[in-house]
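Read through the structure below, which is laid out as C-alpha cells, and then see the notes.
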Amino acid sequence: MFDAVVYSDRRKRLKNEMKSGIALFLGNQEASYNYPANTYHFRQDSNFLYFFGIDLYNLVGVMDIDQDKDYIFGNDVDIEDIIWMGPQPSIAYQAQQVGVSHTANLAELNSFISQVQKEGRSIQIVPTYRGEQVIQLADLLNVSHKEVKNYVSEDLIKAIVKLREIKDEYEIAEIEKAVDIAYDMHTTSMRMAYPGRVEREIAGTIEGISLAQGGPVSFPIILSVHGETLHNHGHANVLEEGRMMVTDAGAETVMHYSSDITRTVPVGGKFNERQKGIYQAVLDANVKAIEAIKPGIKYRDIHFLAAGVLVDGLKKVGLMKGDTAAAVQAEAHTLFMPHGLGHQMGFDVHDMEGLGENYVGYDENTKRATTFGTAYLRMGKELKPGIVLTVEPGCYFIPALIDEWKAENKHAEFINYDLLETYKDFGGIRIEDDILVTQTGNRVLGKPIPKTIEEIEATMANKL
Ligand code: GLY
Ligand code: MN
Ligand code: MN
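Following numbering that gives the first Met the number 0 from start to finish, the sequence shown increments by one per residue and tops out at 463.
Pasting the structure below:
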C-alpha cells in the first residue's frame, strides 16, 4: 500500500473533476470456481485499489462530491471469521491507512443510498464486469438488473481516465518491478524452448516465477508454437525444430501493477534464414516505433509507422511489393498484422479497459477506425508524459485468412501470394515491450529482455 496521502490526493482530484452527487465504487467479492467455498485467487477491483487501496473483499467505497467526504463500508470480522481467516485489523483501522475517516457496517449502505436518492442527488458508477456486481448494485439502488447500467456515468469514466492514465513515480517503479519479474519469466522460457518439451512445461514454470516473486500472472499466459492464433491459451503442443515459439506473459506485483511482454524464439536456439527475415522485420517495427514515442504524437500514427516498417521488411523477403506508403494506406499489412500496436498498462494489463476502450484509448480528437485490423487498435490518442503503454508489433501467417484474401485476390498489387503459400506453416512472431512516455521522449521499462537475434541465441545457448 502507498502512503495514505496518495489515496486522499487521488480522491480529492477525482472529486474536483466531478460536478455533484456521489460516486460509488464496489470492491470485489470472492468468486467461486467449482463450488462455493473453492474460490479463484482474489483480485481486488482496480478502481477500488486506485482510490481506496485496501486489498480485501466485500468493501464498498463512496465519495460524496457535494460534501467532500469519503466513506468505506465493510464488516469487521467476528469470531467465526477469526477461526478461518485469522485476526484482521478493523475496517476503521484499514480505512485510516488510506486516509478515510468515515466507516460503517455494510448493512448501513442501503439506507445511506436511499437517503441520497431521497435527496435527489445523483449516484454514479463505473461499468460492471462481474454478474455479482450487477446483483449487488440492483439491490443497493433498488432497481432491476437491466436498469443498473443507467447509473454508469460518462463524467465519472472520463475523470477516472484523466487521473489513472498518468502514472506517478511510485506506480512506474511498481510497473518496472513487474517487468523485472517478466525478465526472469522470459529468459527462462527461452532457455527451455528446445525440441521435445511440451508447451505446458514451460508455461507452468514461468507462471511459478511470477507467483514466487509477486502475484499471479497479469493475464493467462500465451505460449505456443502456433503464435498465429493471437490469444492462444492452449499449451499442449510438443516443441519441434523449425518452429517459432511465442511467449506473451507478464506478472503482477504484490501491489497489483502489471507487465506485458512478448518474445518469440526459434525452437532449438538458432534462427534459420527464413525465420531471420520475418523476425528482423518485426524487430525493426518494434524498435522504430519505440524510437518515435514522445509527447504530442498520436499513437495511431506510431501504429502506422510500425506497419510501414513491417511492410519494408516483408518486401525484403519478397512477401510484399509495391509502394510502402500506398500499401499501408490500403491497409494491406493487416493480412500480416491484424491487430493494434498496443494499449495502456497499469493495474490492468489492458489498463482501464473495463471503463470502455474508446474512453481510454481515444478522445474527442481521435476516433476509432472501423476497418479490418485497424479497428483492433485499442489506443489511438495523443501521448502525454506519464502514460505507460505497450509496443507489440507482430507478423502472423494465418492460413484461413491467407486463403480468404487470396480467393478475392485482395491487395494483389502489394502481396506476393505465390511465395506466401510457402509460409503457411510458419506460425507467428510478436515482440512486445512496456514503455513510459517521458517529458522529452520515452523510456523502455525494466531490465532489458533479450530481443535481437544475437541476444536471443546467446540466451538460449544457456539451455535449461
Ligand atoms: N497480452 C495480451 C496483449 O498483449 O495485449
Ligand atoms: Mn502481451
Ligand atoms: Mn499487450
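A virtual CB, placed ideally from N, CA and C, is assigned to each residue, including glycine.
So is the beta-carbon of residue i under 6 Å away from any non-hydrogen atom of ligand 2?
i: T370; result: no
i: T261; result: yes
Below 6 Å, is the gap between the Cβ of residue i and the nearest heavy atom of ligand 1?
i: F346; result: no
i: D2; result: no
i: D247; result: yes
i: F270; result: no
i: F50; result: no
i: F303; result: no
i: F218; result: yes
List the residues that DSSP assigns as beta-bridge partners of residue i.
i: T389; result: D433
i: V59; result: L25, F72
i: V216; result: A250
i: N37; result: Y34
i: S257; result: E251
i: Y395; result: G427
i: A103; result: F72
i: T263; result: V245
i: D362; result: T365
i: L162; result: Beta-bridge pairing links L162 to no other residue.
i: V310; result: Its beta-bridge partners do not exist; DSSP assigns none.
i: M319; result: I414
i: Q343; result: L388
i: L222; result: T246
i: V142; result: Partner(s): none; V142 has no beta bridge.
Going by beta-carbon coordinates alone, are residue i and residue j separated by less than 7 Å?
i: A333; j: F303; result: It is worth fixing the name first, because residue 333 is Thr in this sequence and not Ala. Contact: no.
i: K315; j: N415; result: no
i: I428; j: T263; result: yes
i: V178; j: G445; result: yes
i: Q28; j: N57; result: yes
i: F72; j: A22; result: no
i: F47; j: G20; result: no
i: P294; j: K383; result: yes
i: V253; j: G214; result: yes
i: Y547; j: H338; result: Nothing can be reported for residue 547, as the shown portion of the chain is limited to 0 through 463.
i: G393; j: H225; result: no
i: I205; j: M184; result: yes
i: V76; j: Y70; result: no
i: E431; j: E391; result: yes
i: L435; j: I171; result: yes
i: S188; j: T246; result: yes
i: H232; j: R199; result: no
i: F50; j: R10; result: yes
i: M0; j: G52; result: yes
i: R190; j: N461; result: yes
i: L108; j: V59; result: yes
Go through its chain and collect everything with a Cβ distance to residue i's Cβ below 8 Å, but skip five positions before and after it.
i: K18; result: I64, D154
i: M344; result: I174, S257, S258, D259, D350, V387, L388, T389, D433
i: H230; result: I221
i: V160; result: M351, L354, Y358, V359
i: A280; result: V308, L309, D311, G312, L313, K315, V316, C394
Please list, in chain order, all residues of the same chain as residue i whose beta carbon is under 7 Å from its beta carbon, the five residues on each side excluded.
i: K405; result: Y416
i: F413; result: M319, K320, G321, A326, A329, A331
i: K68; result: H101
i: L419; result: L318, I401
i: K423; result: F396, P398, I401
i: E168; result: none
i: P194; result: L238, E239, E240, V266, G267
i: Y128; result: G353
i: I301; result: A288, A291, I292, L340
i: Y182; result: G445, K446, I448
i: L162; result: R9, R12, L13
Short of 6 Å in beta carbon distance, which residues of its chain neighbour residue i, apart from the five on each side in sequence? Order them along the chain.
i: D347; result: S45
i: A192; result: M244, V264, V266
i: V308; result: D283, A284, K287
i: R299; result: G379
i: R196; result: L238
i: Q212; result: I180
i: R273; result: none
Is any beta-carbon of chain B found at less than 7 Å from that of residue i?
i: A457; result: The structure shown contains no chain B; it is built from a single protein chain.
Residue i: beta carbon under 6 Å from a heavy atom of ligand 5?
i: E251; result: Ligands displayed in this structure: ligand 1, ligand 2 and ligand 3; ligand 5 is not among them.
Open item on the list: Which residues neighbour ligand 3 when neighbourhood means a C-beta less than 6 Å away from any of its non-hydrogen atoms? List them by chain order.
Closed with: Cβ-based neighbours of ligand 3 within the cut-off: D259, H342, T389, E391, E431.
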